[in-house]
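Undergrad:
Residue numbers (my numbering): 874 to 946.
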């Protein structure tokens, strides 16, 4: 399997594509499917929920989480 370079991944991310980030076999040996929040659509969330079958996470500042009334997990 060909793995992309960091520059290629960043370019795909800038273009609004989903990218799969893999960790090391000696760690969790899993991957995270990520996309820029600014381009996410309901179809992306549906794909994450149905196909990726994991947690759907969003990184936000503490003040933005408070504005959205999001509790800590």
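Every residue gets a Cβ at the ideal spot worked out from N, C-alpha and C, and that includes glycine.
Quick one: what does DSSP say residue 892 is sitting in, helix, strand or coil?
TA: In the structure shown, residue 892 sits in a strand (DSSP, three-state: E or B).
Undergrad: What do you reckon, are the CB atoms on residue 891 and residue 906 nearer than 8 angstroms?
TA: For residue 891 and residue 906, yes; Cβs fall inside 8 angstroms.
Undergrad: Does residue 880 come out as helix, strand or coil in the three-state DSSP assignment?
TA: If DSSP states are grouped into helix, strand and coil, residue 880 belongs with the helices.
Undergrad: Below 8 angstroms between beta carbons: does that hold for residue 929 and residue 922?
TA: Taking 8 angstroms as the Cβ cut-off, residue 929 and residue 922 qualify as a contacting pair.
Undergrad: Have a look at the DSSP bridge pairing and note the partners of residue 905.
TA: In DSSP, residue 905 forms a bridge with 894.
Undergrad: Using beta-carbon positions only, say whether residue 918 and residue 904 come within less than 8 angstroms of one another.
TA: No; because the gap between Cβ atoms is not below 8 angstroms, this pair is not in contact.
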